[in-house]
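Q: Attaching a single structure in C-alpha cells format; questions to follow.
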Amino acid sequence: APDKDSRIYFVSGGSEAVETALKMAKNYHAINGEPTRWKILSRWGSYHGATLACTSLGRGGIMGGLPSDFGPLVPGNIHVAQPGEYRCQFCSDKGGCNLECARDVDRTIQNEGPSTVAAFIGEPISAAAGIFVPHPDYWPTIREICDKHGVVMICDEVITGFGRTGKMFATEHWGVQPDIFTVAKALTSGYLPIGAAVASSKIADAFTGEGGATFQHLFTFGGNPTSCAAGMANLDIMEGEGMVENSAKMGEYLYEQLQRLYEHRIVGDVRGGMGLLAAVELVKDRDTRERFPAEAEVGKKVSRLMREHNLLGRAADVIPLSPPLCITRDEVDHLVGQIDSLVGKLEREL
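Note that my numbering has the sequence shown beginning at 21, numbered continuously upward.
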C-alpha cells in the first residue's frame, strides 16, 4: 500500500470492501465527535457493488441503470459529475477539461453542509461509467477539496488495483493517497474470493488509540487463510514476471493500435493510455457525439458480434477492454484486429 502504516480489513469481495469503507468513514467521524457526518458523495454512472448501500452509490453507466425493484435505497447518497471529458456535462463542448467536475464536488459539499458529509468515493479511472481517464489535476484537486472540508476520500481500486493501469495502484499515477481504498478480485486474480478495505494511518489510528474505540464490523469469511495464501502466491507471480510493467508497456501499445478504429465513422472516442484498461465508444454521429437510439439495438448487435469474434465480456455502445496483464504484443494485435472486424461489420449493419 502507498501508506506503509496503513491497516487492512479483509473481507470476501468488492461489495463487502466498499461497504466496509463506507461504515469505517462514518464511524471515524463519530469517534472524532462528528456523528452528523453521514452523507456519501459518489458520481453519476458509477458502480461500486451489489449490496444495498453500494447499489445506492451508482446510477446509470455501462453496468445499467438504477434498479427499480429493490425498494427504497439507502438515504444520504449525493451524486456528482463524472470526470469524463467526452461526455462531461461541463466541458464536452468546450474543447478541453476545465476541472468543473472537481469543483462540482466542492460546491456540492458546501451546499449539503460540510458537517453532514462523511466521504467522497470514486474509482481512480471510472470503469463502469465508460472507462474515463480523468484530467491529471482531477484527483489532486479532489484530495485538496476533501482535506479542506474534512471529508474522507475513498478510492475504489477493485478494478484499477494490482497492475491494471500500469501501476500497482492507479492513484500512484497522480501522487495522491486516499484515506481509504478498496481492493478485491485482482488480489487473487479471481481464483479465490477476497477483498479488503485499506485504511490510512489517519483513519486506522482512530480505532486503535487510547480512547478504546473499536471498529465493530464483521464478515464471516474475511481473512480466509486459503484466500490469503492465494493472494500472496499471486503477488509473488505478478512481481516475479513483471506483470505491472507489462501492463504499462502493452497498455501503451494497445492504445496506440486502437487509434486505427477512427477509420470507422461510428467510432466516436477511443479511451485509454493508462495500462490495460481502454474503451471504444460507438456513436451515430461523430461530429455531434449523438448516441444511437434504443431502437437501433446496438447493445444486442455488439454482443452477438463479440460472440462471433470469440470476445468475452459485456458491451453496448461502449466496448470496454480489460485484457490479461500477461498479454503479449501479438495478442494485442489479434485483439485489436478482432475489434476492428467487429466494428466494421456493425457499421455495415447500421
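Built from N, CA and C at the ideal position, the CB exists for glycine as well.
Beta-carbon within less than 6 Å of H169's beta-carbon, same chain only, minus the 5 sequence neighbours each way: which residues are those?
A: As a position in the sequence shown, residue 169 is number 149, starting the count at 1. Cβ within range, chain order: I129, P134.
Q: Under 8 Å by Cβ, that's how I've got I371 and L61 pegged, so tell me the actual separation to the nearest angstrom.
A: Coverage of the chain is limited to positions 21 through 370, which leaves residue 371 absent and any answer about it impossible.
Q: Sorted by chain position, which residues of the same chain lie with C-beta nearer than 6 Å to D199's C-beta, five sequence neighbours on each side aside?
A: Translated into the one-based positions of the sequence shown, residue 199 becomes position 179. The answer, listed in chain order, is V172, M173, S220, I223.
Q: Buried or exposed: where does E310 fall if 16 or more other Cβ atoms within 10 Å of its Cβ makes it buried?
A: The count along the sequence shown starts at 1 and reaches residue 310 at position 290. Classification for E310: exposed.
Q: N47 by DSSP, collapsed to three states: which one?
A: Numbered from its first residue, the sequence shown carries residue 47 at position 27. Residue state, collapsed to three classes: helix.
Q: In this structure, does DSSP put E39 in helix, strand or coil?
A: Indexing the sequence shown from 1 puts residue 39 at position 19. Reduced to three states, the DSSP call for E39 is helix.
Q: Round the Cβ separation of V287 and V363 to the nearest angstrom and send it over; I've been treating them as touching at under 8 Å.
A: In the sequence shown, counting from the first residue as 1, residue 287 sits at position 267. In the sequence shown, counting from the first residue as 1, residue 363 sits at position 343. That pair is a contact at about 6 Å.
Q: Would you say K59 and A138 are within 8 Å of each other, going by their C-beta atoms?
A: Here the question's residue 59 lines up with position 39 in the sequence shown. Here the question's residue 138 lines up with position 118 in the sequence shown. Taking 8 Å as the Cβ cut-off, K59 and A138 qualify as a contacting pair.
Q: Under 8 Å between the Cβ atoms of I214 and F30?
A: For the purposes of this step, residue 214 is taken as residue 194 along the sequence shown, with counting starting at 1. For the purposes of this step, residue 30 is taken as residue 10 along the sequence shown, with counting starting at 1. Yes; because the gap between Cβ atoms is below 8 Å, this pair is in contact.
Q: So, helix, strand or coil for T202, using DSSP?
A: The sequence position of residue 202 within the sequence shown is 182, counting from 1. Here T202 sits in strand by DSSP.
Q: Taking the Cβ atom as the reference point for each residue, do E272 and G293 lie within a distance shorter than 8 Å?
A: By 1-based counting over the sequence shown, the position of residue 272 is 252. By 1-based counting over the sequence shown, the position of residue 293 is 273. Yes; because the gap between Cβ atoms is below 8 Å, this pair is in contact.
Q: Pairing CB atoms from the segment 258-276 with CB atoms from the segment 342-350, are three or more of them under 8 Å?
A: Yes: the two stretches touch, three or more of their Cβ pairs being nearer than 8 Å.
Q: Can G358 and L331 be called in contact, C-beta distance under 8 Å?
A: Reading the sequence shown from its first residue, position 338 is the one you call residue 358. Reading the sequence shown from its first residue, position 311 is the one you call residue 331. Looking at the sequence shown, residue 358 is not Gly but Gln. Yes, the Cβ-Cβ distance between Q358 and L331 is below 8 Å.
Q: Counting only beta-carbon atoms, is P213 nearer than 8 Å to chain D?
A: Structure shown: chain D not included; a single protein chain is present.
Q: If you compare alpha carbons, which of G142, L255, D126 is closest to P154?
A: As a first step, residue 154 must be located in the sequence shown, where it is residue number 134. Minimum Cα distance to P154 is reached at G142.
Q: On the DSSP bridge list, what partners appear for L61?
A: Taking the first residue of the sequence shown as 1, we reach residue 61 at position 41. In DSSP, L61 forms a bridge with I98, F140.
Q: In three-state terms, what does DSSP make of G215?
A: By 1-based counting over the sequence shown, the position of residue 215 is 195. Of the three classes helix, strand and coil, the one that applies to G215 here is strand, per DSSP.
Q: Excluding sequence positions up to five away, which residues of its chain have a Cβ less than 6 Å from the Cβ of V218?
A: Taking the first residue of the sequence shown as position 1, residue 218 is located at position 198. Correct list, in chain order: A21, S26, I28, F201.
Q: Smallest Cα separation from K46: which of Q236, N244, Y158, W194?
A: What you label residue 46 is simply residue 26 of the sequence shown in a count that begins at 1. Measuring from the Cα of K46, the nearest candidate turns out to be Q236.
Q: Is it buried or exposed for N131, if we count other Cβ within 10 angstroms and need 16 for buried?
A: The count along the sequence shown starts at 1 and reaches residue 131 at position 111. By the 10 Å Cβ count, N131 comes out exposed.
Q: Determine the burial state of R334: buried for a count of at least 16 other Cβ atoms within 10 Å of its Cβ, exposed for fewer.
A: Position 314 of the sequence shown, counted from the start, is the residue given in the question as residue 334. So R334 ends up on the exposed side.
Q: Residues in its own chain within less than 6 Å of R306 by CB, not counting five upstream and five downstream?
A: Reading the sequence shown from its first residue, position 286 is the one you call residue 306. Excluding residues within five positions, the ones whose Cβ falls inside 6 Å are G288.
Q: Helix, strand or coil, according to DSSP, for F312 in the structure here?
A: Here residue 312 refers to the residue found at position 292 of the sequence shown. In the structure shown, F312 sits in coil (DSSP, three-state: anything other than H, G, I, E or B).
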